[in-house]
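S.K.:
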Amino acid sequence: MTVRPIYIFAGTTEGRELSCWLASRKIPCTVSVATEYGATLMPDNPLLHVCEGRLRYEDMCGAFRMQPYACVVDATHPFALTVSGEIRRACRAEGLAYYRLARRTDELPGADAVFFDSVQDAAAYLDSVQGAVLVTTGSKELPAIAAALHDTSRIFARVLPTAESIRICNDCGIKGRHIIAMQGPFSQEMNELQLKECGASFLMTKESGLPGGYKEKRAAAERCGVTAVVIRNPEKALVPEGEKAFPFSGLLAELSSLYGIGLEPERQRTLLLAGIGPGGTACITAEVSRAIAEADVLFASPRVMPEELRGTAAFVPSYRPDAVRSYLDGHPSCSHPLVLFSGDSGFYSGAASFLAEKEKAAFLRSGWKLRVLCGISTISYFSSRIGIPYQEWTLLSSHGRFCNVVGTLRFKRSCFLLVSDCRDVRLLGRKLCAARQNSVLGELRVHVGFQLGLPDEQTMRCSPEALCSMQADGLYVLLLEHAAAGQQPLVPGLPDGLFLRQAHIPMTKSETRALILCALRLTEHAVLYDIGAGTGSVSVEAARLCTGGMVYAVERNPDACALIRQNIGHFALDNVRLVQALAPDGLDELPAPSHVFVGGSDGKLKEIVHAVLAKNPSVRIVFSAITVENAILMQQLLHQLPLTDVSAVQVSVSRVEPLGSYHALKAQSPVFLVSCTGDGRGIADDGLCGADMPAEAWL
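Taking our numbering, the leading residue of the sequence shown gets 1252, the next gets one more, and so forth.
#1: Any idea if Glu-1947 is buried or exposed, counting beta-carbon neighbours within 10 angstroms, 16 or more meaning buried?
#2: Could you check if Tyr-1258 is buried or exposed, using at least 16 other CB atoms within 10 Å of its CB as the buried criterion?
#3: Assuming Val-1548 contacts Pro-1588 (C-beta within less than 8 Å), just tell me the rounded distance between them.
#4: From Ser-1335 to Cys-1312, what does the alpha carbon distance come to, in whole angstroms?
#5: Determine the contact status of Ser-1390 and Ser-1369, defining contact as a CB-CB distance below 8 Å.
#6: What did DSSP end up calling Gln-1886 once you bin it into helix, strand or coil?
#7: Who are Asp-1325's beta bridge partners in DSSP?
#8: Tell me the DSSP secondary structure of Val-1656 in three-state form.
#9: By Cβ distance below 6 Å, which residues in the same chain neighbour Arg-1483 in space, the five residues on each side in sequence not counted?
#10: Can you tell me which of Leu-1730, Arg-1541, Ala-1723, Ser-1586 puts its alpha carbon nearest to the alpha carbon of Ser-1714?
#11: What residue from Val-1254, Glu-1694, Val-1590 has the CA that sits closest to Gln-1318's CA?
#12: Given a cut-off of 8 Å, decide if Ala-1736 and Arg-1664 are closer than it, judged by their beta-carbon atoms.
#13: Of the residues Asn-1689, Tyr-1780, Pro-1835, Ile-1431, which one's Cα is nearest the Cα of Asn-1826?
#14: Would you mind stating whether Pro-1743 and Glu-1792 have Cβ atoms separated by less than 8 Å?
#15: Within 10 Å of its beta-carbon, does Ile-1543 have 16 or more other beta-carbons around it, so buried, or fewer, so exposed?
#16: What does a CB cutoff of less than 7 Å around Gly-1464 pick up in its chain, not counting 5 residues either side in sequence?
#17: What does Lys-1620 pair with, by DSSP beta-bridge criteria?
#18: Mark Gln-1445 as exposed unless 16 or more other C-beta atoms lie within 10 angstroms of its C-beta, in which case mark it buried.
#19: According to DSSP, is His-1429 part of a helix, a strand, or is it coil?
#20: For the structure I just gave you, are there three or more beta carbon pairs, one from the segment 1702-1710 and one from the segment 1671-1688, closer than 8 Å?
#21: Let me check one thing: in DSSP terms, what residues is Thr-1928 bridge-paired to?
#22: By the three-class DSSP mapping on this structure, what secondary structure does Ser-1665 have?
#23: Can you tell me which of Pro-1394, Ile-1767, Pro-1553, Ile-1639 puts its alpha carbon nearest to the alpha carbon of Pro-1202?
#24: Spatial neighbours of Ala-1942 within its chain, please: CB distance less than 7 Å, with the 5 preceding and 5 following residues excluded, ordered by chain position.
#25: Could you tell me which residues DSSP puts in a beta bridge with Tyr-1727?
#26: Which residue marks the beginning of the beta strand (DSSP E) containing Gln-1987, and which one marks its end?
#27: On the three-state DSSP scale, how would you describe Tyr-1510?
#28: Roughly how many angstroms separate the alpha carbons of Phe-1614 and Ser-1604, rounded to a whole number?
#29: For Val-1380, count neighbouring C-beta atoms within 10 Å of its own C-beta (all shown protein chains included) and say buried if the count is 16 or more, exposed if not.
#30: With 16 other CB atoms within 10 Å as the buried threshold, where does Ala-1331 fall?
#31: Quick check: what's the CA-CA separation for Glu-1694 versus Ser-1635?
#32: If Leu-1621 sits next to Leu-1606, beta carbons under 8 Å apart, how far is it from one beta carbon to the other, in whole angstroms?
#33: Between the Cα of Leu-1766 and the Cα atoms of Cys-1423, Leu-1824, Val-1902, Val-1849, which residue gives the shortest distance?
#34: Measure the CB-CB distance between Ala-1451 and Val-1477 and report whether it falls below 8 Å.
#35: For Glu-1732, which of Glu-1443, Gln-1739, Thr-1645, Ala-1285 has the nearest alpha-carbon?
#36: Quick one: Cα of Tyr-1320 to Cα of Cys-1534, how far?
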């Protein structure tokens, strides 16, 4: 079936975009443009037949009879009222459906602006005042403006770079450096530059909407202290009764319905995610500055985006993906949204939440693709201020998240840290002092960056003790240097004498503890349950090994819990959490474990194993038992539960101890160690895994 073409009067950016969109959907179009220059802006496409020249009513009627057009789209400039009237009349005469593509030209707030209903009224006002005028209304209006002003040397005209535009300027007495021949639309910065170069006191513009660069012109005028002389959009008052003007998205939907096609591929809409740098306008990249100038809505924390940088864009004080998506869904006219984040968009930035696969897919379903603009990193800025290269820094953040700073410093010589506020700094200072006092860390050098990029910026070198007394509110970053880092053993087996002890609370001895930790096969970001933690020796060693993980020491005995707390502080550990409970009670609220050690179960071994397998069917488990009864119970469970990779050993350790003038072996109690891994199937409803899972016979 032959697709009926559409006739488009495409004298605007939106008209060109609509033509290209229709061509992408295999819909042929006849595209009418008034000038040769307008024709050069249209892409080469066999489905787009471009007609050049201004048409009168009779010409339009004749053109409409050339093909069986489905409809006519009027995408002319909102100020081209005469042309729009002729198009309407010709459509009525030829019985063709008429669609008006309307711009959103809402008046922008601002004290330094005056509004007029016609070019003549605006020009008369300019003649009554003094000062240079940058005229951006186009060459067609220049004769009326020049005729109204007694002194045409006040006029600086910005027109299209065509011979006709230059001729009109010359005919009006506007020549030489008073002519700016450029194709727009222009950014706010370009408008500001031209206003300053002209020494303009006034900017004359039409209320032409976002595609015409109206917002950028108004923002530039306000920034430069220039009065904007605005000619109101006459179309808003003159739309005939019963006629509906469609915004771009609405017209796409209307034409899609007419042709029975989907909206995709729609013109691509882009949501920009930008890093604004460490602070201050001087640290904003040129790319991000342009994005801010061109945005019609800004999403950011008020602290990140001070009021003086917002221009005339709508401002939404939120940067959560759901809030941004909700706003965009409710404001379909938004075409240049921008989400701003402090620092760089790639370092512990809120941009990461947008770039998660689930959120990216949600935005794509709403018609938005995401694009990231990087900012100047706080890391590189701070590095330049203190004169220390950052190539060997370990990058950390405790800003709104857990960070094991002391644990990382044990292995890394230089750690950059992003913190939340001065309270965070003081807390860190106390932790560093305690770690040094307990010989967990050696000597430290601390570099502090405060309010980087802002007028009250400071950098200093200080001691950990000085951090404890920081009081100034503001934005802090730190560089922590630990010369003794990397001298810690990489294998478990701390001497028993390093732990705080109580005689009546049991502790897993060094040799057995080392075997347990090896059997657990811990990873850097492990989540370990140490059930029946006792003194906490296994928890302490695991936390020291897994600096990026978390250990949950589960113990019911109040005295043992108090001792565990003491050992946590003694070893300056941030990544151990004490859970006072009789397992499996207390496990429900914890995150799923990757590893579990059961050193004491109080007769609830089966319930504990069921609970951890329910939370993670692939969990790694190590049991220890001293009594034969517990060893037999473990064997029974291995036959019943979905476990694999089973290993069992009996460990006997004897230590050499002095005996008078001699030395003799002193045996410790033998220990059964059983290790296994969940096979991923989880627990069946009957609590069993079936008869097809025999465990190794190890007793």
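Idealized CB from N, CA, C, for every residue including glycine.
On a predicted model such as this, the values are computed, not experimentally measured, just so you know.
M.R.: In this structure, then:
#1: Confidence in Glu-1947 is poor, its pLDDT being 45 and thus under 50, which makes the residue's placement too unreliable to answer from.
#2: buried
#3: 5 Å
#4: 14 Å
#5: no
#6: helix
#7: Phe-1260, Arg-1351
#8: helix
#9: Phe-1366, Asp-1368, Glu-1458
#10: Leu-1730
#11: Val-1254
#12: yes
#13: Tyr-1780
#14: yes
#15: buried
#16: Gly-1435, Pro-1436, Phe-1437
#17: Thr-1521
#18: buried
#19: helix
#20: no
#21: Arg-1871, Thr-1895
#22: strand
#23: In this structure the chain extends from 1252 to 1950, so residue 1202 is not present and cannot be described.
#24: Reliability fails at Ala-1942, whose pLDDT of 35 lies under 50, so the model's placement of it is uncertain and no value is given.
#25: Phe-1701
#26: This structure does not reach residue 1987, given that the chain is present from 1252 up to 1950, and the question cannot be answered.
#27: helix
#28: 12 Å
#29: exposed
#30: buried
#31: 24 Å
#32: 7 Å
#33: Val-1902
#34: yes
#35: Thr-1645
#36: 54 Å
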